[in-house]
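With full-length UniProt numbering, the residue at position 228 of the sequence shown is 228, and numbering never jumps. Where a beta carbon is used, it is the ideal one built from N, C-alpha and C, also for glycine.
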Amino acid sequence: MAFDSQYCLHVIASTWPRGGEYEMQGDRSSRLTPLLTPAARPVASLASKRGHRLRAREQHGAALFWFKLADRISPGQANVTGHIGASLMELGHYDAARPWLRASCDGVAARGRELLCTAHCLVRLGKADLAADVFSRACDLSPDDAQVLSEAAGFFRTVNQREKARMLLEQAMVLRPDDPEIARMALAVSPRNRTHVDRLHFVTIGTTGLCNASCVHCPTGKAETAHVPRIPMAMPLFRRIIDGLRDSRLPIVEGVIFGLFGDGLVDPYVVERAKYVRANLPAIPLVINTNGAAYDRKKHAELIDLVTTINLHCESLKPDVYDQLMAPLRMERTQTKLDMIMQNFAGRAQVTIPVSRANRHDMAALQTHFLERGAVSVVFTPLSSRCARDQSAFDRLAFDPKPIRCSTDLFDNLTIDCDGTVVACCNDFSREVPIGNANEQSMDSLLQDERRLKMVEAFQQDRHTDYSTCVRCRADVTIPAYA
Ligand SMILES: C[S@@+](CC[C@H](N)C(=O)[O-])C[C@H]1O[C@@H](n2cnc3c(N)ncnc32)[C@H](O)[C@@H]1O
Ligand code: SF4
1 MAFDSQYCLH VIASTWPRGG EYEMQGDRSS RLTPLLTPAA RPVASLASKR
51 GHRLRAREQH GAALFWFKLA DRISPGQANV TGHIGASLME LGHYDAARPW
101 LRASCDGVAA RGRELLCTAH CLVRLGKADL AADVFSRACD LSPDDAQVLS
151 EAAGFFRTVN QREKARMLLE QAMVLRPDDP EIARMALAVS PRNRTHVDRL
201 HFVTIGTTGL CNASCVHCPT GKAETAHVPR IPMAMPLFRR IIDGLRDSRL
251 PIVEGVIFGL FGDGLVDPYV VERAKYVRAN LPAIPLVINT NGAAYDRKKH
301 AELIDLVTTI NLHCESLKPD VYDQLMAPLR MERTQTKLDM IMQNFAGRAQ
351 VTIPVSRANR HDMAALQTHF LERGAVSVVF TPLSSRCARD QSAFDRLAFD
401 PKPIRCSTDL FDNLTIDCDG TVVACCNDFS REVPIGNANE QSMDSLLQDE
451 RRLKMVEAFQ QDRHTDYSTC VRCRADVTIP AYA
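Here it is as structure tokens:
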């Protein structure tokens with residue numbers, strides 16, 4: 001049978017049109033009609049295996065040929081159509097990839113692993129609802145596959161379905177009790193005792209209070225934050241914070257972030273700080289939040305090997321929209337910097353885009369542009385009022401904002417501004433609700449600060465409106481669909 005399958009495949013492949021045109025359009029050949037029977041499965045499976053081998057070698061065009069051939073011989077296999085979508089995405093053909101991925105969601109699959117590629121591609125395309133369905137289906141098919149369970153759990157954690165993530169990780173831990181990554185993820189979603197901090201999720205550090213922009217919907221650079229220090233954080237204070245984190249031995253699950261109310265690359269000490277984090281917290285992800293405009297290839301060269309992720313903020317590719325939203329930055333100037341960052345940090349750049357009435361029609365173009373240039377993902381986020389006093393710009397730009405009431409998960413994060421002020425929330429740009437000071441307190445005392453514990457209790461009792469920032473906290477809860 002193996003010999004027959006090989007031979008059949010050889011004959012079919014030799015009569016099958018090659019070349020870019022076919023690979024993108026996927027025309028159907030009537031010559032294959034007699035083969036469209038279950039008996040053709042082994043032949044299709046051979047073609048698909050070739051596709052997988054080529055994809056592993058990053059030969060995506062050639063892989064596409066074999067996957068499409070496999071699909072023609074035995075149509076409707078979820079794994080094959082998923083890999084057609086994935087190969088098209090690798091080749092930059094996002095529009096062409098979408099229907100294949102949709103077909104894969106309902107395709108034939110015997111094991112959960114056959115669906116993982118599709119699920120991850122859907123996440124990259126921002127189709128979280130579809131991805132959730134596919135991950136759930138994968139887990140139903142393979143409840144005894146720790147890989148499937150942990151990848152699905154990783155996804156559910158990022159979309160805040162912690163309970164689902166927790167259950168999947170519990171199952172995965174039974175199957176692989178010694179896997180450190182599964183244990184780390186399980187810790188991240190396990191229920192916690194709020195009076196004793198046993199992990200941190202994000203540690204966000206305002207490495208500088210200064211920003212080169214004053215985005216129309218951001219309180220930075222506006223009169224209401226004029227009292228906030230616009231200085232780089234002093235290095236001794238920075239080292240004290242990192243030393244405290246190191247000595248506490250607390251797991252920092254998501255990472256250390258540079259860039260809070262200012263811009264991570266405007267900070268003159270960004271390279272020095274990144275080196276210090278790498279030396280003292282070697283296993284912790286390091287993220288830099290930036291609009292990219294201050295990027296200097298020479299000055300920032302060393303960052304390439306130091307950071308885990310550059311989180312790039314760019315709201316449009318259209319100069320008129322960008323210039324309006326991210327004033328006083330100008331697209332004609334920033335574009336070159338963004339291109340350089342994408343070249344230098346390919347595979348490590350994530351693009352984060354708050355969506356508003358002004359840029360909603362740019363979503364598909366932004367996604368394609370940055371994925372084509374090697375972005376790991378393009379994440380669209382709902383617009384927040386940032387608890388601003390003046391919400392006129394926000395009201396013009398938001399779709400249907402609702403009051404936001406955070407859960408106590410907020411206190412898994414530690415957020416420290418450039419002068420050492422600890423705030424509970426990264427939206428508290430005016431620093432109205434300080435809950436500690438890193439200049440004066442040890443790490444332990446910061447995490448046990450009375451103000452912090454009081455706030456935890458208030459959130460547990462739904463008394464958010466005891467806090468002026470929470471009173472003004474509004475945001476869109478959904479973002480518009482896009483092609
Ligand atoms: C406040 S900025 C600070 C760091 C840096 N200046 C930047 O723009 O990335 C951090 C993040 O907030 C996001 N952001 C800015 N304004 C926002 C808003 N009104 N609603 C939701 N997210 C917003 C940006 O996309 C960025 O990823
Ligand atoms: S969103 Fe970022 S880039 Fe824009 S003004 Fe605020 S801090 Fe600066």
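### Query
Which partner residues of Asn289 appear in the DSSP bridge assignment?
In the DSSP assignment, the residues bridged to Asn289 are Asn311.
### Task
Could you pull the start and end residues of the alpha helix (DSSP H) that Thr336 belongs to?
Residue range 331–344 is occupied by the alpha helix (DSSP H) that includes Thr336.
### Query
Expressed to the nearest angstrom, what Euclidean distance is found between the alpha-carbon atoms of Cys117 and Val134?
Distance between the alpha carbons of Cys117 and Val134 is about 10 Å.
### Any non-hydrogen atom of ligand 1 closer than 7 Å to Ser214 Cβ
In terms of side-chain proximity, the C-beta atom of Ser214 is found no nearer than 7 Å to any non-hydrogen atom of ligand 1.
### Query
Apart from the five residues just before and just after residue 527, which ones in its own chain have a Cβ nearer than 7 Å to its Cβ?
With the chain running from 1 to 483 in the structure shown, residue 527 is simply not present.
### Task
May I ask you to check if the CB of Pro354 is nearer than 7 Å to at least one heavy atom of ligand 1?
The beta carbon of Pro354 sits closer than 7 Å to at least one heavy atom of ligand 1.
### Message
Please report the straight-line C-alpha distance between Thr296 and Leu306, rounded to a whole angstrom.
### Response
Checking the displayed sequence, the identity of residue 296 turns out to be Asp instead of Thr. The C-alpha of Leu306 is placed about 16 Å away from the C-alpha of Asp296.
### Query
How is the beta strand (DSSP E) around Asn437 delimited, first residue to last?
Residues 434–437.
### Message
Just list the residues that DSSP pairs Val423 with in beta bridges.
### Response
Bridge partners of Val423: Thr415, Pro434.
### Query
Helix or strand or just coil, what does DSSP make of Pro219?
Of the three classes helix, strand and coil, the one that applies to Pro219 here is coil, per DSSP.
### Task
Spatial neighbours of Tyr22 within its chain, please: CB distance less than 6 Å, with the 5 preceding and 5 following residues excluded, ordered by chain position.
Low per-residue confidence applies at Tyr22: pLDDT is 37, beneath 50, and the placement is therefore not dependable, though the value from the model is reported in the following sentence. Taken in chain order, the list of residues that qualify is empty.
### Query
Do His201 and ligand 1 come close, with the Cβ less than 7 Å from some heavy atom?
Not so, every heavy atom of ligand 1 lies at least 7 Å from the Cβ.
### Message
Can you look up Pro42 in the DSSP assignment and give me helix, strand or coil?
### Response
In the three-state DSSP reduction, Pro42 falls in the helix class (H, G or I).
### Query
Should Ala327 go down as buried or exposed, given a rule of 16 or more other Cβ atoms within 10 Å for buried?
Looking at its Cβ environment, which holds fewer than 16 other Cβ atoms inside 10 Å, Ala327 is exposed.
### Message
For Val351 and Val321, which I take to be in contact (beta-carbon distance under 8 Å), what is that distance rounded to the nearest angstrom?
### Response
No, Val351 and Val321 are not in contact; Cβ-Cβ is about 15 Å, not under 8 Å.
### Task
State the Cα-Cα distance for the pair Ala109 and Ala44, rounded to the nearest angstrom.
Looking at the two C-alpha atoms, the distance is approximately 14 Å.
### Message
Between which two residues does the alpha helix (DSSP H) holding Ala349 run?
### Response
Careful: Ala349 lies outside any alpha helix (DSSP H), inside the beta strand (DSSP E) at 349–355.
### Query
If you draw a straight line from the C-alpha of Val376 to the C-alpha of Val287, how long is it?
Straight through space, the alpha carbons of Val287 and Val376 are spaced by roughly 13 Å.
#### Entry: Of the listed residues Leu200, Lys318, Phe459, nearest to Pro251 (C-alpha basis)
Taking each of Leu200, Lys318, Phe459 in turn and checking the Cα distance to Pro251, the smallest one comes out for Leu200.
#### Entry: Leu383: CB within 7 Å of a non-hydrogen atom of ligand 1
Yes - ligand 1 has a heavy atom lying nearer than 7 Å to the Cβ of Leu383.
### Message
What does the alpha-carbon distance come out to for the pair Val423 and Asp263?
### Response
Distance between the alpha carbons of Val423 and Asp263: 17 Å.
### Message
Rounded to the nearest angstrom, what separates Ala388 and Arg472 at their Cα positions?
### Response
Between Ala388 and Arg472, the C-alpha separation is close to 7 Å.
### Query
Nearest to Thr401 by CA position, among Arg357, Ala213, Ala365, Asp267, is which residue?
Thr is not the amino acid found at residue 401; the sequence shown has Pro there. For Pro401, the closest C-alpha among the options Arg357, Ala213, Ala365, Asp267 is that of Arg357.
### Task
May I have the straight-line CA-CA distance separating Met455 from Val277, to the nearest angstrom?
Looking at the two C-alpha atoms, the distance is approximately 29 Å.
### Task
Starting from the Cα of Gly51, find the closest Cα among Gln77, Ala152, Ser87, Pro42 and give me that residue.
By alpha-carbon distance to Gly51, the top candidate from Gln77, Ala152, Ser87, Pro42 is Ser87.
### Task
Check each candidate in His120, Glu114, Arg463, Glu163 and name the one with the smallest Cα separation from Asp140.
Just measuring C-alpha positions, the residue of His120, Glu114, Arg463, Glu163 sitting nearest Asp140 is Glu114.
### Query
Contact between the region 237–246 and the region 270–285: three or more CB pairs below 8 Å?
Contact between the region 237–246 and the region 270–285 is present, because at least three Cβ pairs lie under 8 Å.
### Query
Under a Cβ-count criterion, where at least 16 other Cβ atoms within 10 Å of its own Cβ denotes burial, should Thr465 be classed as buried or exposed?
By the 10 Å Cβ count, Thr465 comes out exposed.
### Three or more C-beta pairs below 8 Å linking the region 207–214 and the region 265–274
Yes, the region 207–214 touches the region 265–274.
### Query
Considering only the beta carbon of each residue, do Val189 and Leu447 sit closer than 8 Å?
Contact check for Val189 against Leu447 fails: the beta carbons are separated by 8 Å or more.
### Message
Quick check on DSSP: helix, strand or coil for Pro268?
### Response
Correct three-state label for Pro268: coil.
### Query
Under a three-way DSSP split, which group does Arg28 fall into?
Residue placement at Arg28 cannot be trusted, given a pLDDT of 40 that sits under 50; the coordinates are not used to answer.
### Query
Taking the continuous beta strand (DSSP E) assigned at Phe202, which residues delimit it?
Run containing Phe202: 200–205, per the beta strand (DSSP E) assignment.
### Message
Just list the residues that DSSP pairs Val108 with in beta bridges.
### Response
In the DSSP assignment, the residues bridged to Val108 are Gln77.
### Contacting residues, own chain, Cβ-Cβ under 6 Å from Leu35 (five flanking each side not counted)
Unreliable positioning characterises Leu35 in this predicted model, as indicated by a pLDDT of 49, which lies under 50. The coordinate reading is nonetheless provided below. Closer than 6 Å at Cβ, skipping near neighbours: Ile73.
### Message
For the beta strand (DSSP E) containing Ser384, name the first residue and the last one.
### Response
That residue, Ser384, is in no beta strand (DSSP E); it is neither H nor E in DSSP.
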